[in-house]
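There are 2 protein chains.
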Amino acid sequence: MKEGDRVIVRKEGKIYEGILMPERDGFIVLKLDNGYNIGINPEGAEIEVLEEFRSQEVRKEVLEERDGLPLISIVSTGGTIASKVDYRTGAVTAKFSPEEILELIPEMKELANYRGRSLFNILSENMRPENWVQMAKAVYEEIKNGAYGVIITHGTDTMGYSSAALSFMLRTPVPVVFVGAQRSADRPSSDNVVNAVCSTHVAKSNIAEVVVAMHHTTSDDLVAVHRGTKVRKMHMSRRDAFKSINATPVALVEYPSGKIKVLGDYVKRNERELEIYPKLEEKCALLKFFPGSPPEIIDFFIERGYRGIVIEGTGLGHVSAEWIPHIKEAVESGVLVTMTSQCLFGRVCDRVYDTGRDLLRAGVVEAEDMLPETALVKSMWLLAHYDLEEAKRLMKVNLVGEINPRSTGGAEFGF
Amino acid sequence: MKEGDRVIVRKEGKIYEGILMPERDGFIVLKLDNGYNIGINPEGAEIEVLEEFRSQEVRKEVLEERDGLPLISIVSTGGTIASKVDYRTGAVTAKFSPEEILELIPEMKELANYRGRSLFNILSENMRPENWVQMAKAVYEEIKNGAYGVIITHGTDTMGYSSAALSFMLRTPVPVVFVGAQRSADRPSSDNVVNAVCSTHVAKSNIAEVVVAMHHTTSDDLVAVHRGTKVRKMHMSRRDAFKSINATPVALVEYPSGKIKVLGDYVKRNERELEIYPKLEEKCALLKFFPGSPPEIIDFFIERGYRGIVIEGTGLGHVSAEWIPHIKEAVESGVLVTMTSQCLFGRVCDRVYDTGRDLLRAGVVEAEDMLPETALVKSMWLLAHYDLEEAKRLMKVNLVGEINPRSTGGAEFGF
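Protein sequences, first through last, are from chains A and B. FYI, in the working numbering the residues of the first sequence are 3 to 417. FYI, in the working numbering the residues of the second sequence are 3 to 417.
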């Protein structure tokens, strides 16, 4: 018997059926049909193979083109939407190639021709800014090589960070659509089919922006298209976990019809030339303030050469008075310090209180209605492309929909 | 002319009318009738006094009791609900005594007799764990001295942290109601009257828990009563900013009728004896994970003697793989490391992914559906009252409604 085999384990009168996984700490591990793993002490256990694992045949890198269907690129980076083959390699670790995604979701084949690109196989909590740069470059190449739209499969944990990063790095004439699944593809309640099919409809659409396409409700008939800079994972497990914050979604996609209902302004297909600005200053940090939090945490980052600090303050964007001298020192040493709020909803502004005014005097830049996570990514991008004063100015200017309503400025960069 | 006077400033053909505030950086500062301050360069400006400021007469510490009305204690700690007299001292800095609150909201006088206690005058972003201890002790004394219910006026920024802290420190036979206002009391759109009046109805009610009473909607007819451990400020400026997360509010209060509609289970009046457990381990930190965040941030806190660390992970409660050895080291050195999620909604559990299982092996405690902020406060309280192993066990046990649904355990402490 080998990993991937379907087996029955009998022990102490109990029977367990599932797929055999790599052992862990000496235990037999079975993936049950409900998607969960159990560990069984092998002592006294009896195993019977029901069905042997057969490795799938190697598929072609590019599916044969059919007339009249546009070419969509699928860039896979790992994540839940692509978890089924992980039976082979232990628990649920991302493993699907774009071809395997199409095999799993044949409905997609009716909608487009596809080109696949397995970029990484990284759980999204392990994504780093350097991965965002690689992702942007891969998408850029796919578009340059004729993709009518790009789908990026991505784990849901940090999808919002990645979509914000690509929003700043790419100017795209075609849709760039992040998609994932909250439930493993091997679980009966998985949302992967609806999300993946609807992401294809978006990739074929007129919405030439970096967006996230995920379930809009818990039912299977509607997927929301969120602007990449305004979206946040707001629930740990629900299928409709992704929400636009301080913005409405760009559009809704009906399933199975694929009909797209536009909810607001968006950049149209071919309205922009393809361009890429793929640099990020990784030395940027996001700090959440809490009562009693030591202001020396700011010094910790300054001492390590950090050039940008985004603070998640309280309320309208506050911290305790004892933080202010440390912030002032950071600003004076040339660090971009930006204030957001742990409330998430609303706008950092209208500072009528003492500490708010002291913060402004200390040189803090207010992030308007930007998400803390987006302000972090924007800091990384601005500091890699502009000098400090210009970065400070642009932090408060809407560049790619990250601030709502659209402000003026940023024109010198073509936004 | 002096600060607090109502004046007209004429300059370059423009006329400004408002209350004269202390000057700032050489500028004349006026508080306009819309609540905002403006600074005017005194050069060439002409000032005329319309009405002189008269300091209010000193009021009695306890209002005369009227027959048939219960005695409610108002403990004031600062914050927006109490901002009007700040005209005197510069911008909007908290200043109201309980008596001044009653003067501002005469409707409250019809509902109860009051005893006032001006505990602090602190903007809520400056509250520290030591203030929570003082608050708990003050409320304890008020109840011991016969209060039928206690109202705590508090700035909204950190109200959720304070309400969680008092939830753990106090066992109360009467209602303990936090209340505040999102808009300054001097602004026409202020929510202070409705919130304050409804907090009085709650203080007179049968709900003997630590709760937060704030606008339920943007209209003025409904106030929500949130359990102190489940509430979070989710909007920077809206009146209905406070929301129960992973729980329904305990009740709704109609305004102006004062009718209370109970939505779920609660601890009844006199069901518990008055007790206080007023210790907090201040050396506890809340860390938000972000892509690329340096794991040395954990070491920073360990080196400073921190005994509890709450991590706001991604998704179901994840961090990048490089954080795990640092977490393991923290746990092995005797630190309580707890995992929550930056999604806020949902439950940290069902770990089917590799990094999640590695985290459990590293000794991380999962915070179930607790708010990150509540998990921080709970760490402070547990580590001050229990040894490490018991603190670890109790972190996952529902003690005062912080975990939903109610779990077993904690009985040895009487919860």
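Glycine is no exception: its CB is placed at the ideal position from the N, C-alpha and C atoms. As the structure is a computational prediction, the values presented were derived from the model and not from experiment.
ask   = Is there contact between the segment 258-266 of chain A and the segment 284-295 of chain A, where contact requires at least three CB pairs shorter than 8 Å?
value = no
key: For G148 (chain B) and E370 (chain A), the rounded distance between their alpha carbons   = 47 Å
message = I'd like to know whether the C-beta atoms of F72 (chain B) and K206 (chain B) end up nearer to each other than 7 Å.
response = As written in the sequence, residue 72 (chain B) is Pro, which differs from the Phe given in the question. Taking 7 Å as the Cβ cut-off, P72 (chain B) and K206 (chain B) qualify as a contacting pair.
inquiry  = I need the DSSP call for E53 (chain B), collapsed to helix, strand or coil.
reply    = strand
task = Please report the Cβ distance between V493 (chain B) and N197 (chain B), rounded to the nearest whole angstrom; I am assuming they are in contact, meaning their Cβ atoms lie under 8 Å.
result = The first residue shown for chain B is 3 and the last is 417, placing residue 493 (chain B) beyond what the model contains.
key: Selection of the segment 224-243 of chain A by Cβ proximity to chain B, strictly under 9 Å   = R234, K235, M236, H237, M238, S239, R240 and A243
key: chain D contact residues for V214 (chain A), given Cβ-Cβ distances below 8 Å   = Chain labels in this structure do not include chain D; the protein chains are A and B.
ask   = Helix, strand or coil: which one does DSSP assign to R274 (chain A)?
value = coil
Environment of A413 (chain A) [buried if 16+ CB atoms lie within 10 Å] = Legend: pLDDT at A413 (chain A) = 37, less than 50; position of this residue unreliable, no value from coordinates given.
key: Assigned secondary structure, P407 (chain A) (DSSP; H/G/I helix, E/B strand, else coil)   = coil
request  = Compare the C-alpha of C345 (chain A) against each of A:L318, A:K281, A:R8 and A:Y18 and name the closest.
outcome  = A:L318
key: Distance cut-off 6 Å: R173 (chain A) Cβ against heavy atoms of the ligand PLP   = Within the structure as shown, the ligand PLP is missing, as the structure has no ligands at all.
task = Could you tell me the distance, in whole angstroms, from the CA atom of L32 (chain B) to the CA atom of K16 (chain B)?
result = 14 Å
query = At a CB-CB cut-off below 9 Å, which residues of chain A make contact with S295 (chain B)?
reply = A287 and L288
query = Are the segment 380-398 of chain A and the segment 302-321 of chain A touching by the rule of at least three beta carbon pairs closer than 8 Å?
reply = yes
ask   = If L378 (chain B) and F292 (chain A) are in contact, beta carbons under 8 Å, what's the gap, nearest whole angstrom?
value = 6 Å
ask   = When you compare only the Cα positions, how much space is there between I21 (chain A) and K4 (chain A)?
value = 10 Å
task = Could you spell out the range, first to last residue, of the alpha helix (DSSP H) harbouring M137 (chain A)?
result = P131 to K146
inquiry  = Any beta carbon from chain A within less than 7 Å of G182 (chain B)'s own beta carbon?
reply    = no
task = Have a look at A114 (chain B) and G266 (chain B) and give me their C-alpha separation to the nearest angstrom.
result = 26 Å
message = Among the candidates B:G365, B:L401, B:H387 and B:R359, whose CA atom is the shortest distance from the CA of M372 (chain B)?
response = B:L401
request  = Less than 8 Å between the CB atoms is what I'm expecting for R350 (chain A) and E368 (chain A), so what's the real figure, rounded?
outcome  = One point to set straight first is that residue 350 (chain A) is Val, not Arg, in the sequence displayed. So it is a contact: roughly 4 Å between Cβ atoms.
task = Determine, using beta carbons only, whether T340 (chain B) comes closer than 7 Å to chain A.
result = no
ask   = With distances taken from CA atoms, which of A:N406, A:M341, A:V321 and A:D242 is nearest R130 (chain B)?
value = A:V321
message = Residues of chain A with CB closer than 8 Å to the CB of F292 (chain B), please, in chain order.
response = Y163, A287, L288, E375 and L378
request  = Could you tell me if T220 (chain A) is buried or exposed, where buried requires 16 or more neighbouring beta carbons within 10 angstroms of its beta carbon?
outcome  = exposed
inquiry  = Against M129 (chain A), what residues of chain B qualify as contacts under a CB-to-CB distance less than 7 Å, listed in chain order?
reply    = P293
request  = Tell me, please, whether the CB atom of L318 (chain B) is closer than 7 Å to any CB atom in chain A?
outcome  = yes
query = Which residues in the same chain have their Cβ closer than 7 Å to the Cβ of I304 (chain B), if we skip the five residues on either side of it in sequence?
reply = A332, S335 and V337
query = Do you know offhand how far G151 (chain B)'s Cα is from M236 (chain B)'s?
reply = 27 Å
query = Is G310 (chain B) close to chain A, meaning its C-beta is less than 7 Å from at least one C-beta of that chain?
reply = no
request  = Pick out whichever of A:E277, A:R185 and A:K398 has its Cα sitting closest to the Cα of E143 (chain A).
outcome  = A:E277
inquiry  = Taking the straight line between their C-alpha atoms, what separation do you get for P297 (chain A) and M161 (chain B)?
reply    = 21 Å
query = Where does the unbroken beta strand (DSSP E) through I300 (chain B) begin, and where does it stop?
reply = No beta strand (DSSP E) contains I300 (chain B), which is instead part of the alpha helix (DSSP H) from E298 to E305.
Cross-chain neighbours of L346 (chain A) in chain B, by beta carbon under 9 Å = M236, H237, M238 and L346
message = So S246 (chain A) contacts chain B; which residues on that side make the cut at Cβ distance below 9 Å?
response = Correct list: empty, because the minimum Cβ distance to chain B is about 15 Å.
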